[in-house]
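A.B. asks: Once you've had a glance at the structure underneath, I'll fire off some questions.
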Amino acid sequence: MEKLKEKTPIDRIWDFFASVKLAIVIFALIGLTSIVGTVVEQQVTEAKNIEVISKIFGSSAAPAIYNALDALGFMDMYRSWWFTTLLGLFAANLLICSIDRFPAIWRLVRTPIKPLEKEHIKGMSIKREFVLKGSPDKLKAAAEAAMKAAGFRPSESKEAGEVQLYSEKGRMSRLGIYVTHFSILIILIGAIIGVFLGFKGGLNLPEGSSYSVAFARTGPATNEAVREREIIISATESAGGSVAAAAESLGVGEDRLRARMKELGMEPLDFIIRCDDFEVEFYDKSDMPKSYTSLLTVMDGGREVLKKWITVNDPLKYKGFTFYQSSYGLMPDKADVRFILRLTSPSGQSETLRVRQGEKFLIPGTKLEVTAADFSPALSFDEAGRPFTYNEMMNNPAVHLDITSAGAEEVHKWVLKRYPDTGTLASGHFIQLLDIWGGQYTGLQVRRDPGVWVVYLGCLLMSIGLYVVFFLSHRRIWISLHGAKGSVTVTLGASANKNREALERKATKIESLLREGGK
Amino acid sequence: MDSSFFFGVSTVAYILAMMAYITYIAFKNLNIGRAATAFTITGFLLQSIGILSRWKEFYDLSGMGWLRSAPLTNLYESLIFFVWCLILTYLVVEFKYKNRSFGAFVTPVAGLALAFIDLSGMSKEIQPLVPALQSNWLLVHVMMSFIAYAMFALSFSTALMYLITTTHKKTEGSYIFWTVMLGVFAAVLAAMGLDFLKFKLVAATPEALIKSYLFKATFSNASPLISVLSYMAALGLVFAVWNYGSILKKLIGAFGISDKTLDEITYKSIAIGFPIFTLGGLIFGAIWADQAWGVYWSWDPKETWSLITWFVYAFFLHARTLRGWRGHKAAVVAVIGFVAVIFTYLGVNLLLSGLHAYGSQ
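Which chain is which? The protein sequence lines are A and B, in order.
With the first sequence counted from 1, adding 253 to any position gets you our numbering.
With the second sequence counted from 1, adding 1446 to any position gets you our numbering.
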């Protein structure tokens, strides 16, 4: 026997990975370390986590505990080498356990049901034995009909004085567990593809601006690198997004440029993406957001190829990249905005104006001259009625108008988008603030993940596998008819690898049909 | 009549059902048993109407289509749906196993949970959906997660009953496990009750209360004396449960449910809950996250805790099929699994922060 041989180191390693104990240890380690990872927040500032730890262990111990956890990599643990190793061990264990147990199951799956010795049938977990009076042929037909009624298609074997009917269902269901385990490996492979071949980053795209690259989490550190990045960005931009053309204009090889862009924390899109508009909608007059939407345009090869309003649950996809609506904000430099105003005269005629900050316009038919002097992204009034900006986001935008007319005193007026009534002028005209354009950027999450379909395939396999594992079973049934006319012994045996009760009910049904039909 | 009216009446029905089930166990009168079932079914139907009418209210208010108006968006609505799933599961068990005793265990949980929702002053407002939740995945993902939670809750109660009725010696590991577990549970609830009494005026909502004042009245009190005393009181409580556990054993023994049935229900409810949780909670959750956030898995606390829960139940299933774990060992794992579920459902939202913080609003 092979078993008697001294175990080679490879056998030992194999046995180590095939052990259920290892699986338990890995489960426990992944679980316990993950708990720590949910308590300390991942990838946040030191101060934030010291605060979290202080809440649990008190402020005096917190810095020391923080330092210890930080040294162990818990502040970004799901990306740490040891957590990745644990996941790798988990995958190895799963794979080797499956391979180790596979031959035995495969034999079972490949061997169809055979007739059995009567003694074996009696040894089944479900068994019935009774004597009937009819003729063997008639009983055989009745048994066949009963099995069919219970959903089995019987095969038949004859030996001296005995007829045996046997059938099985769901033999392949024994493979369900392998499909499930295999699917976990597929999902992990998909995740690895995503990590190594994918890109995950972001792009803050101001209204009216376009970009030909997306940015990784970490950018260049030195001023020189930042300048180099600017040069490359403008080169790809003027090349219409094409890296090849940009490389030519810069006088370097395309591959070299691509590699350099990676080093500088950029992902070339090979097309241009532009934000035409960004809008936040709020519920009624509250600050509770109802929707964030951006109008994006894709330009490829110098032409507009795609235009789409994206929302949080509806991203834009183009050439393997997906652009998700993830945040928004106010541009730090607010100088170049346009106020989109609708001017309605007392007689009801209206026109839409686009006005720059500081620009003057005349109200037709009057001597009124209006300047859009300033704006606030979120205007509110304090108890004394003085205006103030309560938020840096454009929650409640307002434009400040200076209205002058010859000889009269200058009038100042805040017109709020959310409260149109604020736009009524003494002359009976009405100015409505439709939008402040160019002051905001839309925060896009940009992703390219060639592994995501592998992950989905894994998920699909897992669903199928779990269905088979939990809702199907391998059921086998044998009926032996033994004896001569007048006294036929019926021995029924059945077994199921799961949900024995259901098969027990079927056995009872077959028995009563057989007793009925044999009369 | 709005949804809260139906919820109120269904709470009353569940409390009546609870009294009837307990009377039924005491006197074994079949008519009382039937009445108990009738109360439960009535409560269930009223609650269903309540959920549907809240759905309608939400639909009218938000104008976002039926699929996106499912009342499953905050703690209040999710607790109500959880109770609904629990009662539905119980009714299935009652009809399948022809055993009513179990109702005396489940209807109090339902009635008390609903009464708690009422008393705690939790926000019942219909809140409009923030942009990330405006997806058709909301309905399937949340609904399947809660159906799985209800199955796990069932397995927890049968596993606990199994442990209570089948442990005999005070030095036995399983006995120590369930008494300590129950003692700690009672201590935590008592401490939270004290927080509520002391700080309810300061905190605007129960969620804020838990977030800012958890255990401030007891264990984490500013005064070290009160803190030490609280720990001692908690230890005393655990000791009391350990010492007088046999009383509970007699009480539950009176239900007359066989050990085998308890063990079987524990296994079956996990065997149904696990695939539903995997598909609805993890897989559909990943697909939705991929669509909304651009990452199918981000190790956000809710995701991580779901995975921990999944690991515990996967362990339960493997231990049972590969190693033939039955009885005490399996029951202990089932209880631990549900502790992970409670943390996934409530703990993460109330104590930790992350992308999934909707439920706490």
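Using N, Cα and C, we set each Cβ at its ideal position, and we do this for glycine too.
Looking at the C-beta of residue 1792(B), does it have a partner C-beta in chain A at a distance below 9 Å?
C.D. replies: Chain A contact via Cβ: absent.
A.B. asks: Give the residues of chain A in contact with residue 1754(B), contact being defined as C-beta atoms less than 8 Å apart.
C.D. replies: By Cβ distance, chain A contributes 284, 287, 288.
A.B. asks: Check whether the Cβ of residue 700(A) lies closer than 9 Å to any Cβ atom in chain B.
C.D. replies: At least one chain B Cβ lies under 9 Å of residue 700(A).
A.B. asks: Taking residue 278(A) as the query, report the chain B residues whose CB atoms sit under 8 Å from its CB, ordered along the chain.
C.D. replies: Within 8 Å Cβ-Cβ: nothing; residue 278(A) doesn't reach chain B, min ~12 Å.
A.B. asks: What ranges does the beta strand (DSSP E) occupy inside the segment 437-463 of chain A, keeping only unbroken runs of at least 3 residues that lie completely in it?
C.D. replies: With a minimum length of 3 residues, the continuous beta strand (DSSP E) runs that stay inside the segment 437-463 of chain A are 452-459.
A.B. asks: By Cβ distance below 7 Å, which residues in the same chain neighbour residue 641(A) in space, the five residues on each side in sequence not counted?
C.D. replies: Answer for residue 641(A): 633, 635, listed in chain order.
A.B. asks: For residue 519(A), which of helix, strand or coil comes out of DSSP?
C.D. replies: The answer is strand: DSSP assigns residue 519(A) an E or B state.
A.B. asks: Under a Cβ-count criterion, where at least 16 other Cβ atoms within 10 Å of its own Cβ denotes burial, should residue 365(A) be classed as buried or exposed?
C.D. replies: Result: exposed.
A.B. asks: Taking only beta carbons into account, state which residues of the segment 536-559 of chain A come closer than 7 Å to chain B, listed in chain order.
C.D. replies: Answer set for the segment 536-559 of chain A: 536, 541, 542, 543, 544, 545.
A.B. asks: State the Cα-Cα distance for the pair residue 337(A) and residue 1749(B), rounded to the nearest angstrom.
C.D. replies: So the two alpha carbons sit approximately 17 Å from each other.
A.B. asks: Anything in the segment 700-720 of chain A with a Cβ closer than 9 Å to a Cβ of chain B? List those residues in chain order, please.
C.D. replies: Those would be 700, 702, 705, 708, 709, 712, 713, 715, 716, 719, 720, in chain order.
A.B. asks: When burial is assigned at 16 or more other CB atoms within 10 Å of the CB, is residue 1690(B) buried or exposed?
C.D. replies: Flag for residue 1690(B) reads exposed.
A.B. asks: Between the beta-carbon of residue 725(A) and the beta-carbon of residue 433(A), is there less than 9 Å?
C.D. replies: Cβ atoms of residue 725(A) and residue 433(A): not closer than 9 Å.
A.B. asks: Since residue 1464(B) is in the alpha helix (DSSP H), which residue starts that stretch and which ends it?
C.D. replies: Start and end: 1449-1473.
A.B. asks: Using Cβ-Cβ distances below 9 Å, what residues of the segment 562-580 of chain A are close to chain B?
C.D. replies: Flagged, chain order: 564, 565, 566, 567, 568, 575, 576, 577, 578, 579.
A.B. asks: Does any residue of chain A bring its CB to less than 9 Å from the CB of residue 1745(B)?
C.D. replies: At least one chain A Cβ lies under 9 Å of residue 1745(B).
A.B. asks: Quick one, which residues of the segment 321-349 of chain A are near chain B if we go by CB-CB under 7 Å, in chain order?
C.D. replies: Residues 331.
A.B. asks: Three Cβ pairs or more, each shorter than 8 Å: is that satisfied between the segment 375-395 of chain A and the segment 294-306 of chain A?
C.D. replies: Short answer: they don't touch.
A.B. asks: Measure the alpha-carbon distance for residue 563(A) versus residue 1578(B) and round it to whole angstroms.
C.D. replies: For residue 563(A) and residue 1578(B), the distance between alpha carbons rounds to 13 Å.
A.B. asks: Is the Cβ of residue 291(A) closer than 9 Å to any Cβ of chain B?
C.D. replies: Yes, contact with chain B.
A.B. asks: Using the beta-carbon of each residue, which ones in chain B are nearer than 7 Å to residue 296(A)?
C.D. replies: Neighbours of residue 296(A) on chain B: none; closest Cβ ~10 Å, over 7 Å.
A.B. asks: Starting from the C-beta of residue 1496(B), find all residues in its chain whose C-beta is less than 7 Å away, skip the five residues before and the five after it, and write them out in chain order.
C.D. replies: Hits under 7 Å: 1449, 1452, 1453, 1456.
A.B. asks: How would you call residue 715(A), buried or exposed, if buried means at least 16 neighbouring beta carbons within 10 angstroms?
C.D. replies: It counts as buried.
A.B. asks: Give me, in chain order, the residues of the same chain whose beta-carbon lies closer than 7 Å to that of residue 362(A); leave out the 5 immediate sequence neighbours on both sides.
C.D. replies: For residue 362(A), where only same-chain residues beyond five positions count, the Cβ hits under 7 Å are 424, 425, 427, 428.
A.B. asks: Which residue marks the beginning of the alpha helix (DSSP H) containing residue 241(A), and which one marks its end?
C.D. replies: Chain A is shown only over 254 to 772; residue 241(A) falls outside these bounds and no answer can be derived.
A.B. asks: Contact defined as beta carbons within less than 8 Å: I believe residue 448(A) pairs with residue 519(A). What is the distance between those atoms, to the nearest angstrom?
C.D. replies: At roughly 19 Å, the Cβ-Cβ gap does not stay under 8 Å, so residue 448(A) and residue 519(A) are not in contact.
A.B. asks: Do you know whose CA, among 1666(B), 1599(B), 1743(B), 1698(B), lies nearest residue 1609(B)'s CA?
C.D. replies: It is 1698(B) whose Cα lies nearest to the Cα of residue 1609(B).
A.B. asks: Roughly how many whole angstroms lie between the Cα atoms of residue 283(A) and residue 277(A)?
C.D. replies: Near 10 Å, if we compare the C-alpha coordinates of residue 277(A) and residue 283(A).
A.B. asks: Within the same chain, show all residues whose beta-carbon is closer than 7 Å to that of residue 584(A), passing over the 5 residues directly before and after it, in chain order.
C.D. replies: These residues qualify, in order along the chain: 459, 692, 693, 694.
A.B. asks: Could you give the DSSP three-state label for residue 535(A): helix, strand or coil?
C.D. replies: DSSP places residue 535(A) in strand when its eight states are reduced to three.
A.B. asks: Classify residue 1677(B): buried if its beta carbon has 16 or more other beta carbons within 10 angstroms, exposed otherwise.
C.D. replies: Residue 1677(B) is exposed by the Cβ-count criterion.
A.B. asks: Three or more C-beta pairs closer than 8 Å, one from the segment 1525-1536 of chain B and one from the segment 1491-1511 of chain B: is that the case here?
C.D. replies: These segments touch.
A.B. asks: Is the shortest distance between the beta-carbon of residue 1779(B) and the beta-carbons of chain A less than 9 Å?
C.D. replies: No - not a single Cβ of chain A is within 9 Å of the one on residue 1779(B).
A.B. asks: Name, going along the chain, the residues of the segment 717-747 of chain A whose beta-carbon falls closer than 9 Å to a beta-carbon of chain B.
C.D. replies: Here the close residues are 719, 720, 722, 723, 724.
A.B. asks: So which residues of chain B does residue 273(A) contact, with C-beta pairs closer than 8 Å?
C.D. replies: Correct list: 1764, 1768, 1769.
A.B. asks: For residue 1736(B), would you say it is in contact with chain A, using Cβ-to-Cβ distances shorter than 9 Å as the test?
C.D. replies: Yes, contact with chain A.
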